[in-house]
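Colleague: Sequences listed follow chains A and B, in order. Start counting the first sequence at 1; every next residue gets the next number (my numbering). Start counting the second sequence at 1001; every next residue gets the next number (my numbering).
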Amino acid sequence: MNKREFLKKGAIAFIPAAAVLQALMRQAEASVAGAAGATGSPTPGYEPRDHWYGMGIEVEKCIGCNRCAEACKAENDVPPEPFFFRTWVERYTVKQSGETEVECISVNPRGERKAQDEREVLRSFFVPKLCNHCAHAPCVQVCPVGATFTTADGVVLVDSTRCIGCRYCIQACPYGARFFNHRTNTADKCTFCYHRVVKGLLPACVEVCPTQARVFGDLRSKASRLVRFQRMNKINVLKPALNTEPKVYYAQLDGEVR
Amino acid sequence: MKLPEQVTRIAVVVALVATLALLVRFVLIPRAYFSTAVHQSATVRREVARPVNFAGASACQDCHAEEWEKKALGYHKGLACETCHGPAAGHAEDPMSVKPFAPRDRKFCPVCHAYDAARPTGFPQINTESHNPLKPCITCHNPHDPVPPETPKECAACHAQIARTVALSAHALLPCATCHTASKEHRIAPRSALPSKPQTREFCGQCHAGGTANPDAPKVELASHGGGYLCWQCHYPHLPEGRP
């Protein structure tokens, strides 16, 4: 076979072979993306673009019972070890001397809390924390493989099949909201209970909160509880100077909270 | 001007390669290789498909109407059933074989109701060591309508912090009723029927003004002492020597 012949036959063989290969790949892509297409709705009758989710937290109402963190574990299959959590509660103790002590009560929820000498305490309160689902999320910016992203309804998710486990996002999150899931070997975080929210249910932590310290809602809807919460309270977010535009809004937030 | 033949030939080859490259890029390579939309929608789908474990606040109502109505009128009206009974979506689907958790021992209620200085003021809290030790909470309190079985007679049952402060002060021997009058309603609805507080300087003057009967109480000249201020703007009545 001379060169001319090889090129001729090669060109003839290339086009159908490529077409077959391409058809196979299209099929695989379609099965991954599902019938509704790449940007369509995840459940029938739900349009992600019509929503923009956020959470409100009323610090004064939190009693530090840690039911939110436990419910989150039960709902989302978070590893059982006490130091893995997608949401957690911190106890802030401001002393007479001016120093502030922070204790994460979710690490040892049922055990003895650190004893306090009440004469030294100036004020003390609980602050529930979780992923802030920032509108400008640093974790999304730094992911080298695009595994973490913001959905059309404003929820920051991790694609565990694409995540390479480099932990860059865990370092980048200014709120410490991410952890490394040793089961999947990927980064893990709060999803606002996305599987519940699209079905019209509340996130598990909001569902079980006994004092309604947590409020979940849609910022695009004027009638949502969160919009009312924002209207009725003085609102602050964590680390506003970082311009991450967090969507977890705190009412009665103390200046000591970081 | 006519182009030399070698230029036309190389132009044909270049055009062919360019067409092939464009064909491969835009037709042959699947979109998933360069667009994030495909794997993002797959992630969303995976998330949505995850099982729901908490059935939600209204799921219990249909079968457990009695408990639901009782709870709706009590202090626990804001609690979801699953706050205490745990995730119950499995029970809602198959009520007979899957039973939710029902807390009956003494460990469960203090998770919320044990005293912690960081808990908000007014939230009902107990000292687990002194509050009926070893007795399960449900022997006296119905968790679906948790009113105290008997309204406490002592003010200290709710106002423990003040009681502890007063106990160390010169006012230790004064009953609360010396200065406060609490109506009966205050025991049932503490915040809507507040007890009275002294309103005037003359009230403290009953013991502390010069020439009054009580020999142990320090005396001041009411007319000149403290100017226009009320007594408790400088002296904390529950610990009067604390702020001289």
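Using N, Cα and C, we set each Cβ at its ideal position, and we do this for glycine too. For clarity, every value in this text was computed on a predicted model and none was experimentally measured.
Check the Cβ-Cβ distances between residue 1120 of chain B and every residue of chain A, and say whether any is below 8 Å.
Modeller: Here residue 1120 of chain B corresponds to residue number 120 of the second sequence, with the count starting at 1. Yes, its Cβ sits closer than 8 Å to a Cβ of chain A.
Colleague: Quick check: what's the CA-CA separation for residue 243 of chain A versus residue 1167 of chain B?
Modeller: What you label residue 243 of chain A is simply residue 243 of the first sequence in a count that begins at 1. What you label residue 1167 of chain B is simply residue 167 of the second sequence in a count that begins at 1. Between residue 243 of chain A and residue 1167 of chain B, the C-alpha separation is close to 51 Å.
Colleague: Less than 8 Å between the CB atoms is what I'm expecting for residue 88 of chain A and residue 218 of chain A, so what's the real figure, rounded?
Modeller: In the first sequence, the residue the question calls residue 88 of chain A occupies position 88. In the first sequence, the residue the question calls residue 218 of chain A occupies position 218. Actually they do not touch by this definition, with Cβ atoms about 25 Å apart.
Colleague: Cβ of residue 1133 of chain B less than 8 Å from any chain A Cβ?
Modeller: Taking the first residue of the second sequence as 1, we reach residue 1133 of chain B at position 133. With 8 Å as the cut-off, residue 1133 of chain B does not count as an interface residue toward chain A.
Colleague: Starting from residue 88 of chain A and walking both ways along the beta strand (DSSP E), at which residues does that stretch end?
Modeller: If you number the first sequence from 1, residue 88 of chain A lands on position 88. Residues 87-95.
Colleague: Which whole runs of the alpha helix (DSSP H) in the stretch 1207-1234 of chain B are 4 residues long or more, in chain order?
Modeller: Complete alpha helix (DSSP H) runs here, min 4: 1231-1234.
Colleague: Can you tell me whether residue 117 of chain A is helix, strand or coil according to DSSP?
Modeller: As a working note, residue 117 of chain A is residue 117 in the first sequence. Looking at residue 117 of chain A - three-state DSSP - the assignment turns out to be coil, as it is neither helix nor strand.
Colleague: Pop quiz: residue 251 of chain A and residue 234 of chain A are said to be a contact at Cβ under 8 Å. What is the actual Cβ separation, rounded to whole angstroms?
Modeller: Position 251 of the first sequence, counted from the start, is the residue given in the question as residue 251 of chain A. Position 234 of the first sequence, counted from the start, is the residue given in the question as residue 234 of chain A. About 7 Å separates the two Cβ atoms, so the contact holds.
Colleague: At 3 residues or longer, what runs of the beta strand (DSSP E) sit wholly inside the stretch 176-214 of chain A?
Modeller: The stretch 176-214 of chain A contains these whole beta strand (DSSP E) runs: 179-181, 186-188.
Colleague: Secondary structure at residue 149 of chain A, three-state DSSP: helix, strand or coil?
Modeller: Residue mapping note: residue 149 of chain A aligns to position 149 of the first sequence, counting from 1. DSSP places residue 149 of chain A in strand when its eight states are reduced to three.
Colleague: Taking a cut of 8 Å between CB atoms, which residues from the stretch 195-225 of chain A lie near chain B?
Modeller: Those residues of the stretch 195-225 of chain A that come within reach of chain B (Cβ to Cβ, closer than 8 Å) are 195, 196, 198, 199, 201, 202, 204, 207, 208, 209, 210, 211, 212.
Colleague: Below 8 Å, how does it come out for the stretch 205-218 of chain A and the stretch 57-72 of chain A: are there three or more Cβ pairs, yes or no?
Modeller: As far as the Cβ criterion goes, the stretch 205-218 of chain A touches the stretch 57-72 of chain A, which means the pair count is three or higher.
Colleague: When the distance is taken between beta carbons, is residue 159 of chain A closer than 8 Å to residue 147 of chain A?
Modeller: Start at 1 with the first residue of the first sequence, and residue 147 of chain A comes out as number 147. Start at 1 with the first residue of the first sequence, and residue 159 of chain A comes out as number 159. Contact flag set, yes.
Colleague: Of all the residues that make up the stretch 1046-1070 of chain B, which are near chain A by a beta-carbon distance shorter than 9 Å?
Modeller: Listed in sequence order: 1046, 1047, 1048, 1049, 1050, 1051, 1052, 1053, 1054, 1055, 1056, 1057.
Colleague: Any beta carbon of chain B sitting closer than 8 Å to that of residue 12 of chain A?
Modeller: Within the first sequence, residue 12 of chain A is the residue found at index 12, counting from 1. Closer than 8 Å: no.
Colleague: Taking Cβ-Cβ distances below 7 Å as the criterion, which residues of the stretch 53-65 of chain A are in contact with chain B?
Modeller: Per Cβ criterion, the list reads 60, 61, 63, 64, 65.
Colleague: Looking at residue 144 of chain A: is its Cβ nearer than 8 Å to the Cβ of residue 68 of chain A?
Modeller: Numbered from its first residue, the first sequence carries residue 144 of chain A at position 144. Numbered from its first residue, the first sequence carries residue 68 of chain A at position 68. Not closer than 8 Å, so no.
Colleague: So the beta strand (DSSP E) residue 1092 of chain B belongs to, where does it begin and stop?
Modeller: As a working note, residue 1092 of chain B is residue 92 in the second sequence. That residue, residue 1092 of chain B, is in no beta strand (DSSP E); its alpha helix (DSSP H) goes 1089-1093.
Colleague: At a CB-CB cut-off below 7 Å, which residues of chain A make contact with residue 1117 of chain B?
Modeller: On the second sequence, position 117 is the one that residue 1117 of chain B refers to. In chain order: 116, 118, 121, 124.
Colleague: Would you call the stretch 1112-1131 of chain B and the stretch 1085-1097 of chain B in contact, with 3 or more CB pairs under 8 Å?
Modeller: Taking 8 Å as the limit for Cβ pairs, the verdict is that the stretch 1085-1097 of chain B does not touch the stretch 1112-1131 of chain B.
Colleague: What residues in its chain sit with their C-beta under 7 Å from that of residue 1127 of chain B, if we drop five residues either side in the sequence?
Modeller: As a first step, residue 1127 of chain B is located in the second sequence; it is residue number 127 there, counting from the start. Counting only Cβ-Cβ distances below 7 Å, and skipping sequence neighbours, we find 1115.
Colleague: Under a three-way DSSP split, which group does residue 218 of chain A fall into?
Modeller: Translated into positions along the first sequence, residue 218 of chain A becomes position 218. Strand, per DSSP.
Colleague: Measuring only the C-alpha atoms, how far is residue 1103 of chain B from residue 1146 of chain B?
Modeller: Position 103 of the second sequence, counted from the first residue, corresponds to residue 1103 of chain B. Position 146 of the second sequence, counted from the first residue, corresponds to residue 1146 of chain B. Approximately 14 Å, taken between the alpha carbons.
Colleague: What are the residues in the stretch 1073-1104 of chain B lying within 9 Å of chain C by C-beta distance?
Modeller: Among the protein chains of the structure shown, namely A and B, there is no chain C.
Colleague: Do you know offhand how far residue 1011 of chain B's Cα is from residue 221 of chain A's?
Modeller: Counting from one through the second sequence, the residue named residue 1011 of chain B turns up at place 11. Counting from one through the first sequence, the residue named residue 221 of chain A turns up at place 221. The alpha-carbon atoms of residue 1011 of chain B and residue 221 of chain A are separated by roughly 59 Å.
Colleague: So residue 1036 of chain B is in the alpha helix (DSSP H); what residue range does that whole segment cover?
Modeller: As a working note, residue 1036 of chain B is residue 36 in the second sequence. First-last of the alpha helix (DSSP H) with residue 1036 of chain B: 1036-1048.
Colleague: Would you be able to state if there are at least three C-beta pairs under 8 Å between the stretch 1168-1183 of chain B and the stretch 1132-1150 of chain B?
Modeller: Contact fails: fewer than three Cβ-Cβ distances are below 8 Å.
Colleague: Would a check of beta-carbon distances place residue 146 of chain A closer than 8 Å to chain B?
Modeller: Taking the first residue of the first sequence as position 1, residue 146 of chain A is located at position 146. By this cut-off, residue 146 of chain A is an interface position.
Colleague: Between residue 37 of chain A and the rest of its own chain, which residues show a CB-CB distance below 6 Å, the 5 nearest in sequence each way excluded?
Modeller: What you label residue 37 of chain A is simply residue 37 of the first sequence in a count that begins at 1. The predicted model places residue 37 of chain A with a pLDDT of 45, which falls under 50 and marks its position as unreliable, so this point remains unresolved.
Colleague: Check residue 1060 of chain B in the structure and name its three-state DSSP category.
Modeller: Locating residue 1060 of chain B in the second sequence gives position 60, counting from the first residue. Reduced to three states, the DSSP call for residue 1060 of chain B is coil.
Colleague: Can you give me the C-alpha to C-alpha distance between residue 196 of chain A and residue 1190 of chain B, rounded to a whole angstrom?
Modeller: Mapped onto the first sequence, residue 196 of chain A falls at position 196. Mapped onto the second sequence, residue 1190 of chain B falls at position 190. Roughly 38 Å between the two C-alpha positions.
Colleague: Can you find a C-beta in chain B that's less than 8 Å from the C-beta of residue 7 of chain A?
Modeller: Locating residue 7 of chain A in the first sequence gives position 7, counting from the first residue. Chain B contact via Cβ: absent.
Colleague: Consider the Cβ of residue 22 of chain A: report whether some Cβ of chain B lies at a distance smaller than 8 Å.
Modeller: Translated into positions along the first sequence, residue 22 of chain A becomes position 22. Cβ-Cβ to chain B under 8 Å: yes for residue 22 of chain A.
Colleague: Would you say residue 201 of chain A and residue 1228 of chain B are within 8 Å of each other, going by their C-beta atoms?
Modeller: Walking along the first sequence from the start, residue 201 of chain A turns up at place 201. Walking along the second sequence from the start, residue 1228 of chain B turns up at place 228. Cβ distance not < 8 Å, so residue 201 of chain A and residue 1228 of chain B don't count as in contact.
Colleague: Contact between the stretch 180-195 of chain A and the stretch 84-98 of chain A is defined here as three or more beta-carbon pairs at a separation below 8 Å; is this criterion met?
Modeller: Yes, the stretch 180-195 of chain A is in contact with the stretch 84-98 of chain A.
Colleague: Considering just the uninterrupted stretch of the alpha helix (DSSP H) at residue 1018 of chain B, what are its terminal residues?
Modeller: For this step, residue 1018 of chain B is matched to residue 18 along the second sequence. Run containing residue 1018 of chain B: 1005-1023, per the alpha helix (DSSP H) assignment.
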